[in-house]
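J.: Structure incoming, see below.
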Amino acid sequence: DYVQDYDGITAKLTIPDGYVDDSGDWMCEAWNEAGEATQNVRVSIK
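Read in order, the letters of the sequence shown are residues 1 to 46 in UniProt numbering.
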């Protein structure tokens with residue numbers, strides 16, 4: 001499970017109890033009236 005949080009300015013994804021199965025490639029997408037952006041990240045939980 002994970003928790004998404006947004007305070008009107010900053011968005012945050014928290015994985016409180018990460019498991020090895022949560023490891024892998026994750027993609028973050030953001031968009032607003034100014035445009036959009038995508039960032040790929042590799043999450044490694046050991």
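Where a beta carbon is used, it is the ideal one built from N, C-alpha and C, also for glycine.
Does the separation of the CB atoms of W26 and V41 fall below 8 Å?
T.: Along the sequence shown, one-based indexing puts residue 26 at 26. Along the sequence shown, one-based indexing puts residue 41 at 41. Taking 8 Å as the Cβ cut-off, W26 and V41 qualify as a contacting pair.
J.: Give the single residue among C28, D21, A34, A37 whose Cα lies nearest to the Cα of K46.
T.: For this step, residue 46 is matched to residue 46 along the sequence shown. Closest option to K46, Cα to Cα, is D21.
J.: DSSP three-state label for D5, please.
T.: As a first step, residue 5 must be located in the sequence shown, where it is residue number 5. Looking at D5 - three-state DSSP - the assignment turns out to be strand.
J.: With DSSP as the reference, please indicate the residues paired to C25 in a beta bridge.
T.: For the purposes of this step, residue 25 is taken as the residue at position 25 of the sequence shown. Per the sequence shown, residue 25 should be read as Asp rather than Cys. Answer is R42, bridged to D25.
J.: With a cut-off of 8 Å on the beta carbons, I'd call G24 and V3 a contact; round off their distance for me.
T.: Translated into positions along the sequence shown, residue 24 becomes position 24. Translated into positions along the sequence shown, residue 3 becomes position 3. Their Cβ separation, rounded to whole angstroms, is 18 Å, which puts G24 and V3 out of contact at 8 Å.
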